[in-house]
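Just add 59 to the spot in the sequence shown (first one is 1) and you have our numbering. Notes for the one structure printed next.
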Amino acid sequence: MCGVMASVASSSLMSPVRLSWLFGSLCSRRSANGFGRRCPAAGAAAALLRQSHSGVWSGTRGLFSHGGGASAEQLTLEDIAKNLREQQYKRVVVMAGAGISTPSGIPDFRSPGSGLYDNLQQYDLPYAEAIFQIGFFHRNPKPFFALAKELCPGNYQPNLTHYFVRLLHEKGQLLRMYTQNIDGLERLAGIPPEMLVEAHGTFATATCTTCRRKYEGQDLRPDIMSGTVPKCPTCKGVVKPDIVFFEEELPRHFFKYLTDFPLADLLIIMGTSLVVEPFASLAGAVRSSVPRLLINRDLVGPFASSRRNQDVAQLGDLVSGVQALVDALGWTQELEALMSAASCNNTRGVSGFLHITAEGGRLLFIALKDCRIRLLS
Ligand SMILES: [Zn+2]
60 MCGVMASVAS SSLMSPVRLS WLFGSLCSRR SANGFGRRCP AAGAAAALLR QSHSGVWSGT
120 RGLFSHGGGA SAEQLTLEDI AKNLREQQYK RVVVMAGAGI STPSGIPDFR SPGSGLYDNL
180 QQYDLPYAEA IFQIGFFHRN PKPFFALAKE LCPGNYQPNL THYFVRLLHE KGQLLRMYTQ
240 NIDGLERLAG IPPEMLVEAH GTFATATCTT CRRKYEGQDL RPDIMSGTVP KCPTCKGVVK
300 PDIVFFEEEL PRHFFKYLTD FPLADLLIIM GTSLVVEPFA SLAGAVRSSV PRLLINRDLV
360 GPFASSRRNQ DVAQLGDLVS GVQALVDALG WTQELEALMS AASCNNTRGV SGFLHITAEG
420 GRLLFIALKD CRIRLLS
């Protein structure tokens with residue numbers, strides 16, 4: 060079985076539908092509350108998918124690629140901005156990786172010398188990735204909960220990149236945001252959970268590793284903050300936040316890509332090296348005529364290996380890149396107001412608000428600016 064799956068799952072010709080069927084057939088047994096039991100076979104398939112293409116983009120086409128470039132002229136950032144501003148793109152899919160969290164100060168825990176990595180060493184972690192290996196977690200959950208404590212809401216604030224996506228949503232042009240991040244900054248920026256696919260899971264919910272009872276993430280907070288491993292009151296099993304570990308199946312929500320990506324009319328990719336599968340291959344899942352905008356430090360994935368005419372790359376500092384797009388859109392003032400209002404809420408405990416209403420085709424923003432009410436039009 061595993062041998063067959065290995066050969067099938069590693070085939071670059073495998074379609075999203077075929078993949079869905081594979082996962083679906085392997086995971087057809089679900090617990091009564093709808094939350095899937097751990098499915099070792101599917102977990103293995105997911106792990107295989109993650110490992111394929113690991114390290115480098117190995118082919119000219121991704122797993123879900125729908126073909127080569129269109130014959131249209133090369134687009135620019137300004138073209139994308141103009142079309143977005145004029146509502147020609149109404150179903151924007153955003154893909155984001157760790158790069159969007161770095162400006163918020165979240166350290167790369169894999170880097171020796173970063174405070175977090177050093178902090179984890181006291182737990183005798185054999186190597187950094189062991190923190191996300193389920194076997195290691197069952198033997199020693201403490202390093203993972205040290206990470207959970209570090210990422211607890213309140214320690215870090217969303218930045219301009221997160222709020223740009225929120226603004227896209229407020230404009231009614233966001234179809235979905237797919238994020239690899241587990242820091243929850245997308246939710247904190249006010250992007251509704253239903254607009255998010257947190258491909259590697261979330262701390263917002265948790266599950267008992269023994270009896271599968273579901274918990275809200277906040278139920279675990281007192282234990283996590285005090286350095287205690289949270290235990291299930293029912294069975295005394297360890298309660299694990301719903302972060303996707305290696306060898307675990309992806310969230311069912313992830314498979315929204317099957318309907319989202321074919322519908323997308325613009326794909327924006329931000330702050331990701333596009334090497335972790337199957338997330339990385341999603342970049343090839345939009346129709347070949349759909350523009351793809353990469354805002355990133357480096358040229359990555361298909362933008363480096365099989366660029367289409369409709370592809371645009373804004374390289375360099377991520378925040379500067381997103382700011383350039385926002386400026387080209389003419390949304391600078393609106394984004395500033397959004398961030399100011401959110402900042403009031405997040406840091407000052409003020410019951411601030413942001414009311415957005417459409418009037419004559421324009422958005423009216425009534426926002427807290429520097430904690431004072433201000434009307435933008
Ligand atoms: Zn339990």
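Glycine included, C-beta positions come from ideal geometry on N, C-alpha and C.
Check your understanding: What residue range is occupied by the uninterrupted beta strand (DSSP E) comprising residue 236?
Key -> In the DSSP assignment, residue 236 falls within the unbroken beta strand (DSSP E) covering 233-238.
Review point. Taking the alpha-carbon positions, what's the residue 207 to residue 293 distance?
Key: C-alpha separation (whole angstroms): 22 Å.
Check your understanding: Say the cut is 6 Å; is the CB of residue 272 nearer than that to a heavy atom of ligand 1?
Key -> The answer is yes for residue 272.
**Study point:** Identity of the residues DSSP links to residue 201 by a beta bridge
**Key:** For residue 201, which the question treats as bridged, DSSP gives no partner whatsoever.
Exercise for review: Could you tell me the boundaries of the alpha helix (DSSP H) in which residue 274 lies?
Suggested key: Unbroken run through residue 274 is the beta strand (DSSP E), 273-275; no alpha helix (DSSP H).
Check your understanding: If we ignore side chains and look at the alpha-carbon of each, how far apart do residue 295 and residue 201 end up?
Key -> Each residue's CA atom was taken as its position, placing residue 295 and residue 201 some 16 Å apart.
**Study point:** Terminal residues of the alpha helix (DSSP H) in which residue 263 lies
**Key:** From DSSP, residue 263 is part of no alpha helix (DSSP H) but of the beta strand (DSSP E) over 260-267.
Point to revise | 6 Å CB neighbourhood of residue 150 in its chain, flanking five on each side removed | key: For residue 150, where only same-chain residues beyond five positions count, the Cβ hits under 6 Å are 234, 322, 323 and 324.
Check your understanding: Would the C-beta of residue 293 count as close to ligand 1, meaning under 6 Å from any of its heavy atoms?
Key -> Checking every heavy atom of ligand 1 against the Cβ of residue 293, one is found closer than 6 Å.
Practice item. Pick out whichever of 242, 136 and 368 has its Cα sitting closest to the Cα of residue 276. Key: Distances from the alpha-carbon of residue 276 to those of 242, 136 and 368 put 242 closest.
**Study point:** Residue-level contact to chain D via CB, residue 150, 7 Å cutoff
**Key:** No chain D is present in this structure, which holds just one protein chain.
Review point. Quick one: is residue 4 buried, meaning 16 or more other Cβ sit within 10 Å of its Cβ, or exposed?
Key: Missing from the structure shown is residue 4; the chain here goes from 60 to 436 and no further.
Check your understanding: Taking all protein chains shown into account, do 16 or more other C-beta atoms lie within 10 angstroms of the C-beta of residue 244, making it buried, or fewer, making it exposed?
Key -> Counting every other CB atom within 10 Å of its CB across the protein chains shown gives residue 244 a total of 16 or more, marking it as buried.
Practice item. Check whether the Cβ atoms of residue 320 and residue 344 lie closer than 7 Å to each other. Key: Residue 320 is a Cβ neighbour of residue 344, given a cutoff of 7 Å.
Review point. What does residue 41 pair with, by DSSP beta-bridge criteria?
Key: Residue 41 lies beyond the residue range present for the chain, which begins at 60 and ends at 436; the question has no answer from this structure.
Point to revise | Three or more C-beta pairs below 8 Å linking the region 327-340 and the region 151-161 | key: The region 327-340 makes contact with the region 151-161, as at least three CB pairs between them are under 8 Å.
Exercise for review: List the DSSP bridge partners of residue 305.
Suggested key: Beta-bridge pairing links residue 305 to 192.
Exercise for review: Specify the secondary structure class of residue 349 as computed by DSSP and reduced to three states.
Suggested key: Here residue 349 sits in coil by DSSP.
**Study point:** Cβ-heavy atom distance, residue 211 to ligand 1, below 6 Å
**Key:** The nearest non-hydrogen atom of ligand 1 is 6 Å or more from the C-beta of residue 211.
Point to revise | Length of the line joining the Cα atoms of residue 137 and residue 279 | key: When rounded, the distance between both Cα atoms is 46 Å.
Practice item. Please classify residue 376: does DSSP put it in a helix, a strand, or coil? Key: Residue state, collapsed to three classes: coil.
Point to revise | Cβ neighbours of residue 349 in the same chain (closer than 8 Å, five flanking residues each side left out) | key: Result list for residue 349: 323, 324, 325, 326 and 369, in chain order.
Exercise for review: Please classify residue 149: does DSSP put it in a helix, a strand, or coil?
Suggested key: The three-state secondary structure of residue 149, taken from DSSP, is coil.
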